[in-house]
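A.B. asks:
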Amino acid sequence: MTAEVAAGMVNELPKPAQAGGSVYVLTPHGRTELAAFGVDLQRLPRRRSSVRYCVDWSEGRHHLAGPLGAALTARMFALEWLRHGKYRRVVHLTAAGREGLAATFGVPADQLG
Numbered sequence: 039m040t041a042e043v044a045a046g047m048v049n050e051l052p053k054p055a056q057a058g059g060s061v062y063v064l065t066p067h068g069r070t071e072l073a074a075f076g077v078d079l080q081r082l083p084r085r086r087s088s089v090r091y092c093v094d095w096s097e098g099r100h101h102l103a104g105p106l107g108a109a110l111t112a113r114m115f116a117l118e119w120l121r122h123g124k125y126r127r128v129v130h131l132t133a134a135g136r137e138g139l140a141a142t143f144g145v146p147a148d149q150l151g
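Note that the numbering used here gives residue 139 to position 101 of the sequence shown, counting from 1, and the numbers run on in steps of one.
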């Protein structure tokens, strides 16, 4: 997932109330929405947290990581919202992805670079 997309999606999540750290939990509503989006939550590993965050140093803010981040990324590739660049770690957000992120997740276009 591009750094801008991943960080933009985390910006739209409710802010964790726990002082001293960021803890994200997948709520029942979130499970329903992600299932409707086409993410198969049953395939996520149960032995560890499926929702993790990581600081993206190029963006200077948190982004979604871990199994849920990977599942969302795979779904966005399947929808052709993302496409691979010339190099392995290069990913581009398509026009369809920009529109889809705004319509589906409420990620404002100005947060997508």
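Think of the CB as a built atom: it goes at the ideal place given N, C-alpha and C, for glycine as much as any other residue.
Tell me the DSSP secondary structure of residue 102 in three-state form.
C.D. replies: Locating residue 102 in the sequence shown gives position 64, counting from the first residue. DSSP places residue 102 in strand when its eight states are reduced to three.
A.B. asks: Taking the CB atoms as reference points, tell me whether residue 77 and residue 131 lie closer together than 9 angstroms.
C.D. replies: Here residue 77 refers to the residue found at position 39 when the sequence shown is read from its first residue. Here residue 131 refers to the residue found at position 93 when the sequence shown is read from its first residue. Result no, Cβ atoms of residue 77 and residue 131 do not sit closer than 9 angstroms.
A.B. asks: Could you give the DSSP three-state label for residue 150: helix, strand or coil?
C.D. replies: Translated into positions along the sequence shown, residue 150 becomes position 112. Three-state result, residue 150: coil.
A.B. asks: Looking at the strands, I want to know which residues DSSP matches up with residue 121.
C.D. replies: Taking the first residue of the sequence shown as position 1, residue 121 is located at position 83. According to DSSP, which records beta bridges pairwise, residue 121 is partnered with 130.
A.B. asks: Rounded to the nearest angstrom, what separates residue 53 and residue 145 at their Cα positions?
C.D. replies: On the sequence shown, position 15 is the one that residue 53 refers to. On the sequence shown, position 107 is the one that residue 145 refers to. Confidence at residue 53 is low in this model, with a pLDDT of 49, below 50, so its placement is unreliable and no value can be given for it.
A.B. asks: Any idea what DSSP makes of residue 138, helix, strand or coil?
C.D. replies: The count along the sequence shown starts at 1 and reaches residue 138 at position 100. Three-state DSSP puts residue 138 in a helix.
A.B. asks: Should residue 135 and residue 117 be called a contact, given that it needs their Cβ atoms to be closer than 9 angstroms?
C.D. replies: To locate residue 135, count along the sequence shown from 1; it is residue 97. To locate residue 117, count along the sequence shown from 1; it is residue 79. Yes.
A.B. asks: Can you look up residue 70 in the DSSP assignment and give me helix, strand or coil?
C.D. replies: Taking the sequence shown and counting its residues from 1, one reaches residue 70 at position 32. The three-state reading of DSSP puts residue 70 in helix, counting H, G and I together.
A.B. asks: For residue 79, which residues of its own chain have a beta-carbon under 7 angstroms away from its beta-carbon, when the five flanking residues on both sides are left out?
C.D. replies: Your numbering for residue 79 matches position 41 in the sequence shown. Only 69, 72 and 73 meet the Cβ criterion.
A.B. asks: Is residue 111 helix, strand or coil when you go by DSSP?
C.D. replies: One-based indexing of the sequence shown puts residue 111 at position 73. Reduced to three states, the DSSP call for residue 111 is helix.
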